[in-house]
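Enquirer:
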Amino acid sequence: MSRLSDAIAKAAVDQPEPGKVPVSIGGVLFFVECPRLPGTVWDGIVARSPAQTEAHFRVGYDTGRATALACVEHGRLVGEDGEAESDVDWPAVLDAISGAELRQVSASWWGQNEKDPNSAVAALKKAWAG
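For the sequence shown, the numbering used here assigns the number 137 to the last residue and increments by one with no breaks.
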């Protein structure tokens, strides 16, 4: 195998743990799981979430829309018992949680798919530069 093939195979296996954001829905504790997505998948979500406000332009996209799309397409809602809920009505879930909780879910998606990968590249560049 080539160095690139080895790196791609390693990347497929070495996925970080999903972000797990605690949320209260009707007084019941759940966790929204936000996994790291393949770059092309995350880029597609961002492309479908164009910036609309000054705050969005600072980030580069509409974080609320990206959060909703990412949850519907790739999120998991897990109960206190660790079991994933099936047939999740994500729009209803996102409406049922507080604004602070929604921002935490958005931050988790951003961290998994923007901040953490960029930090990993920065660390590799620093190590390479010696």
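Note that beta-carbon positions come from the ideal geometry of N, C-alpha and C, so glycine has one too. Since the model is a prediction, treat every value here as computed from it, not as a measurement.
With distances taken Cα to Cα, identify the nearest neighbour of Ser-105 among Ser-31, Ser-9, Pro-45 and Gly-86.
Expert: Cα-wise, what sits closest to Ser-105 is Ser-31.
Enquirer: Using the rule of at least 16 other Cβ atoms within 10 Å of the residue's Cβ for burial, across every protein chain shown, is Phe-64 buried or exposed?
Expert: With fewer than 16 Cβ atoms within 10 Å of its Cβ, Phe-64 is classed as exposed.
Enquirer: Within 10 angstroms of its Cβ, does Gly-33 collect 16 or more other Cβ (buried), or is it exposed?
Expert: Counting Cβ neighbours within 10 Å, Gly-33 comes out exposed, since fewer than 16 surround it.
Enquirer: Under the three-state reduction of DSSP, which class applies to Arg-43: helix, strand or coil?
Expert: Coil at Arg-43, not helix or strand.
Enquirer: Mind checking which residues open and close the beta strand (DSSP E) that includes Ser-93?
Expert: From DSSP, Ser-93 is part of no beta strand (DSSP E); its letter is neither H nor E.
Enquirer: Roughly how many angstroms lie between the CA atoms of Val-128 and Asp-13, to the nearest whole one?
Expert: Cα-Cα distance, rounded: 18 Å.
Enquirer: As a quick exercise: from Leu-36, Lys-133, Trp-135 and Trp-116, pick the residue whose alpha carbon is nearest that of Glu-24.
Expert: Ranking Leu-36, Lys-133, Trp-135 and Trp-116 by Cα distance to Glu-24 puts Trp-116 first.
Enquirer: Check whether the segment 41 to 59 and the segment 68 to 76 touch, using three or more Cβ-Cβ pairs below 8 Å as the test.
Expert: Yes, the segment 41 to 59 touches the segment 68 to 76.
Enquirer: Mind listing, in chain order, the continuous beta strand (DSSP E) runs of no fewer than 3 residues lying wholly within the segment 34 to 80?
Expert: Runs found: 35 to 41.
Enquirer: Just mark Leu-101 as buried or exposed, buried being the case when its beta carbon has 16 or more other beta carbons within 10 Å.
Expert: It counts as buried.
Enquirer: Measuring alpha carbon to alpha carbon, tell me which residue in Val-20, Ser-113 and Ala-19 is nearest Leu-76.
Expert: When only C-alpha atoms are compared, the closest one is Ser-113.
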